[in-house]
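Notes for the one structure printed next.
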Ligand code: TYD
Ligand code: MG
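Residue numbers (this note's numbering): 2 to 456.
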């Protein structure tokens, strides 16, 4: 048998190449391309031929389907991100940086599921049983009826799961799993894909929900969770800044529920605690309005979340001024600076610009544009925004403002937290019966002239 040719696979995104290169064209990562035996070296050139297969039974769309039964864990923030609870026979990927708290969250989830009657097996490929037990003790979960094993051999794991028939199996982590039919080292794209493929197939065939833990990797030696995203039903990412207490579990793909939903947790000495009111947390103490700060009334999934956007604008000692963002897309900042410059005649050349979302939240909504612009202007002019005000709205390249979706939810949340003014695009509907003044602008120049007396 001819030996199959080796291929070069990016360990971050799974793109394949016929020869090595330093940078992956598909995802842009450096030094992530590694030589690997491809998973299947089957005949590629032969066509299917003319041999006939079986005819399929086709149905239409009209048949009523009951919604899938769901098992709730009792951890409200987790159940919401899952779309209302765990769907049987589904495969879920939980990705996140090492040390962010994935094992902690899943151990708490396992205990919570087990206590509410969902039988649960936790398989650790990374930590010894004693370590997991110690963590459980620290979290006060030692009495929860969770079954535990330390194993990396996929064949043994599947055999055990088949015999035990749990409702939920947690695999921590997929990068440590090892299938004996694949000639590649554990952690390589081939191994990770093969293990994820077997486990998701097992989930569908045996009606066992599986949760796969995947570390987000910066270096190219270990395959990242992105290479299995397409195989699973639900992809959740656990994000947060190391220095912050807050952790956000975000659904980026969900075949059984809305994507973009978030769950907010706080890392405490006793594990992850749910945060029922994230706005209060992200806002912190706000006594006097500060120049350079704007409160953005955002929406995360189905929930309104208020957060503070902070800007610092200072003369730059460099020929090329710095543009630095934390928690926001840097392309979006460049666009807003360009609009301010071109449509409102407010130049930022020669000025360093730093932008930060307080609390470690990552904001992706275009509706944050206006809050970013307001924070930038407020920092540049050293003028604080009106007290107790929130800002939202999308800026178009022409400088006009576009209304944001779910304005009512945003205004209600702001009102609930004691804000009394909203700066928003024209056509935003005022809240009936609430004490919330609405300052509306058709374009960015209007806001500049009104609040900063220029433009
Ligand atoms: P862990 O769940 O092991 O992270 P991951 O599985 O994503 O790699 O969490 C590790 C960090 O969480 C560790 O630095 C300590 C911290 N931690 C707490 O602060 N409180 C706790 O109760 C626990 C269990 C962990
Ligand atoms: Mg872990």
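We treat Cβ as the ideally placed atom computed from N, Cα and C, and that holds for glycine.
Item                                                                                                                                                               : Value
Would you say residue 309 touches the ligand MG, meaning its beta carbon is less than 8 Å from a heavy atom?                                                       : no
Which runs of the beta strand (DSSP E) fall wholly inside the segment 136–167 and span at least 3 residues, in chain order?                                        : 148–151
Determine which residues share a DSSP beta bridge with residue 299 and list them.                                                                                  : 306
What residue does the beta strand (DSSP E) around residue 416 start on, and which one ends it?                                                                     : No beta strand (DSSP E) holds residue 416; the alpha helix (DSSP H) holding it covers 408–417.
Under 9 Å, do residue 254 and residue 230 count as touching if we go by C-beta distance?                                                                           : yes
What I want to know is whether the C-beta of residue 214 ends up closer than 8 Å to one or more non-hydrogen atoms of the ligand MG.                               : yes
Nearest-angstrom Cα distance between residue 247 and residue 269?                                                                                                  : 9 Å
Once the 5 residues before and after residue 159 are set aside, which same chain residues still bring their CB inside 7 Å of it?                                   : 199, 203
Among 384, 64, 82, 147, whose alpha-carbon lies nearest the alpha-carbon of residue 261?                                                                           : 82
Whole angstroms is fine: what's the gap from residue 281's alpha carbon to residue 138's?                                                                          : 31 Å
Could you have a look at residue 454 and say whether DSSP puts it in helix, strand or coil?                                                                        : coil
Would you identify the three-state DSSP class for residue 245, choosing helix, strand or coil?                                                                     : coil
Classify residue 184 as helix, strand or coil using the three-state DSSP reduction.                                                                                : coil
Can you tell me where the beta strand (DSSP E) with residue 324 in it begins and where it stops?                                                                   : 324–327
What does a CB cutoff of less than 8 Å around residue 335 pick up in its chain, not counting 5 residues either side in sequence?                                   : 324
Across which residues does DSSP place residue 330 in a beta bridge pair?                                                                                           : BP columns for residue 330 are empty, so no partner.
Smallest Cα separation from residue 340: which of 197, 103, 444?                                                                                                   : 444
In this structure, does DSSP put residue 2 in helix, strand or coil?                                                                                               : With a pLDDT of only 47 at residue 2, under the threshold of 50, the placement of this residue in the model should not be trusted; the figure read from the coordinates follows. In the structure shown, residue 2 sits in coil (DSSP, three-state: anything other than H, G, I, E or B).
For the beta strand (DSSP E) containing residue 440, list its first residue and its last residue.                                                                  : 438–442
Leaving out the 5 sequence neighbours to the left and right, which residues in its chain are closer than 6 Å to residue 2 when beta-carbon positions are compared? : Summary for residue 2: the model assigns pLDDT 47, below 50, so the residue's position carries little reliability; its value from the coordinates is reported in the next sentence. Excluding positions up to five away in sequence, the list is empty.
With distances taken from CA atoms, which of 149, 118, 322 is nearest residue 349?                                                                                 : 322
Taking 8 Å as the cut-off, is the C-beta of residue 99 nearer than that to any heavy atom in the ligand MG?                                                        : yes
Does the beta-carbon of residue 139, which I'm using as the reference point, lie nearer than 8 Å to any heavy atom of the ligand TYD?                              : yes
Taking only runs that begin and end inside the segment 185–223, name each unbroken beta strand (DSSP E) of 3 or more residues, in chain order.                     : 210–216
Considering Cα atoms alone, identify which of 92, 77, 454 is closest to residue 235.                                                                               : 92
When the Cα atoms are used, what is the spatial distance from residue 456 to residue 319?                                                                          : With a pLDDT of 42 at residue 456, under the threshold of 50, the modelled position of this residue cannot be trusted; read the value that follows with caution. The straight-line gap from Cα to Cα measures roughly 27 Å.
Work out the CA separation of residue 295 and residue 73 for me, nearest whole Å.                                                                                  : 37 Å
Measuring CB atoms only, is the segment 396–413 touching the segment 427–440, in the sense that at least three cross pairs come out at less than 8 Å?              : yes
Does the Cβ of residue 320 lie closer than 8 Å to at least one heavy atom of the ligand MG?                                                                        : no
Compare the C-alpha of residue 273 against each of 57, 307, 62, 76 and name the closest.                                                                           : 76
Would you say the beta carbon of residue 104 comes nearer than 8 Å to a heavy atom of the ligand TYD?                                                              : yes
What does DSSP give as the partner residues of residue 341 in its beta bridges?                                                                                    : Beta-bridge pairing links residue 341 to no other residue.
Would you call the segment 160–167 in contact with the segment 201–215, where contact means no fewer than 3 C-beta pairs closer than 8 Å?                          : yes
Is residue 239 near the ligand TYD, with its Cβ less than 8 Å from a heavy atom?                                                                                   : yes
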